[in-house]
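Chains as they are written, first to last, in this note's numbering: chain A, 82 to 229; chain B, 138 to 285. Ideal placement from N, C-alpha and C gives every residue a C-beta, glycine not left out.
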Amino acid sequence: MIHHPRELDRPHLVREGFGALGAGADIAWTPDVRTHVELLSLRIAFTTDATVANRLMVPIIGPVGNDDFAFPCPVAQIATRSYEYYWGRDVGCFWTANFANYWEGPLPSGLLFSYPEQLRTGIVNIQAGDQITGYTIRYQLWQDPVAL
Amino acid sequence: MINHPRQLTRPHYVREANGPVGAGANFVWTPPIRTHVELVSLAVTFTTFNGGATRGMRCVIGGAAAEDFNLQVPTIQAVGQTHNYYWGRGIGSYWTTLAYDYWLGTLPKGLLFAFPTQLRSEIISLNALDVIDNWTIRYRLWQDPVIL
């Protein structure tokens, strides 16, 4: 697959906020057809049920079945916790353990992806009662020219 | 060798998914003739045979017998394990030791290379029964103008 940025218009800056997913579900977001996106930020709020197991939050960019790029949080989320995860460009990895459970980590820059590739999560040890309670993405969007 | 970017086309964005590689072999990739590439991401999944010395993952950009730049992972991979290695821009280096073994590292920015320079793995203590399950690259590609 080869993208041709010279044929793309200038990028739009887009924000999309999403509410709670069904229990036990991972994120699976796909850019619109004939668009190319580069993430600027990603926020995920995730609550675990009472099952004793370490969850690992793992966002992934790639086609279905291929993890072209994964950027996991290196800190585990244990049972019955609500964590907020944030990724942005040129952000280091850090963790606020004292007051609330925020984790921040870096997004890769320059990584364009396009339909039908996905931004998704592959949460390790996700349980049936766990829930992503919301997520927000900001991204640059390039649209292919449409022949009218 | 001197590259002349002013003569190049604007970059294309390319994704290539490869693998598995034959047991005991490293991967070797060379850009097409008359192109210049800059890596945006590199992903390698590597499984070690249940025996032998601890392995060390590293990838190299350089000529067939030269290591111009070394993407060395500072941690080892023990026997009988599958690790996922990801390199991207501006993401620092970190390691998830919990449950699953992800390692993230930073790609050098602005490092264009061209045929016949290679991207390849040079896994330390590679065993004859080890397998690179898959490797995926995303890169920006500039093509030399072709005189017709």
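What do you get for residue i, buried or exposed, if any count of 16 or more other CB atoms within 10 angstroms of its CB means buried?
i                   : result
glutamate 198/A     : buried
valine 133/A        : exposed
arginine 143/B      : A caution first: arginine 143/B carries a pLDDT of 49, below 50, which makes its placement in the model unreliable, though a value can still be read off. Label assigned to arginine 143/B: exposed.
glycine 225/B       : buried
glutamate 119/A     : buried
phenylalanine 250/B : buried
leucine 266/B       : exposed
tyrosine 183/A      : exposed
phenylalanine 194/A : buried
histidine 93/A      : exposed
glycine 191/A       : buried
leucine 123/A       : buried
glycine 143/A       : buried
arginine 96/A       : exposed
asparagine 271/B    : buried
Nearest chain B C-beta to residue i closer than 8 Å, yes or no?
i                : result
alanine 106/A    : no
leucine 222/A    : no
leucine 192/A    : yes
alanine 160/A    : no
asparagine 147/A : yes
arginine 201/A   : no
leucine 120/A    : no
glycine 169/A    : no
proline 155/A    : yes
leucine 123/A    : no
Give a yes or no on whether the minimum CB-CB distance between residue i and chain A is below 8 Å.
i               : result
serine 258/B    : no
valine 174/B    : no
leucine 248/B   : no
glycine 229/B   : yes
glycine 189/B   : no
threonine 167/B : no
threonine 233/B : yes
leucine 241/B   : yes
alanine 265/B   : no
serine 178/B    : yes
threonine 273/B : yes
alanine 251/B   : no
arginine 152/B  : yes
DSSP on residue i, reduced to helix/strand/coil?
i                : result
valine 172/A     : coil
asparagine 182/A : coil
methionine 194/B : strand
glycine 143/A    : strand
serine 190/A     : coil
tyrosine 216/A   : strand
isoleucine 125/A : strand
tyrosine 166/A   : strand
arginine 277/B   : strand
glycine 98/A     : strand
proline 153/A    : coil
glutamate 119/A  : strand
Can residue i be considered in contact with the ligand HEM, in the sense that its beta carbon sits closer than 7 Å to one or more heavy atoms?
i              : result
tyrosine 196/A : Summarising the ligand content, the structure contains no ligands, and the ligand HEM is consequently not present.
> Are the region 183–202 of chain A and the region 220–239 of chain B touching by the rule of at least three beta carbon pairs closer than 8 Å?
Replying inline: Three or more beta-carbon pairs drawn from the region 183–202 of chain A and the region 220–239 of chain B are found closer than 8 Å, and the two stretches are therefore classed as touching.
> Taking three-plus beta-carbon pairs below 8 Å as touching, is the region 216–225 of chain B in contact with the region 155–168 of chain A?
Replying inline: Three or more beta-carbon pairs separated by less than 8 Å are not found between the region 216–225 of chain B and the region 155–168 of chain A, which leaves the two stretches without contact.
> Whole alpha helix (DSSP H) runs in the region 208–273 of chain B with 4 or more residues, listed along the chain?
Replying inline: For the region 208–273 of chain B, not a single whole alpha helix (DSSP H) run of length 4 or above is found.
>> For the structure I just gave you, are there three or more beta carbon pairs, one from the region 194–207 of chain B and one from the region 245–263 of chain B, closer than 8 Å?
In response: A contact between stretches requires three or more CB pairs, one per stretch, nearer than 8 Å, and the region 194–207 of chain B meets this requirement with the region 245–263 of chain B.
>> Can you confirm whether the region 103–116 of chain A touches the region 199–218 of chain A when touching is taken to mean that 3 or more C-beta pairs between the two stretches lie within less than 8 Å?
In response: Touching, yes, given that three or more Cβ pairs across the two stretches are closer than 8 Å.
> Are the region 159–179 of chain B and the region 188–195 of chain B touching, with three or more C-beta to C-beta distances below 8 Å?
Replying inline: Contact between the region 159–179 of chain B and the region 188–195 of chain B is absent, because fewer than three Cβ pairs lie under 8 Å.
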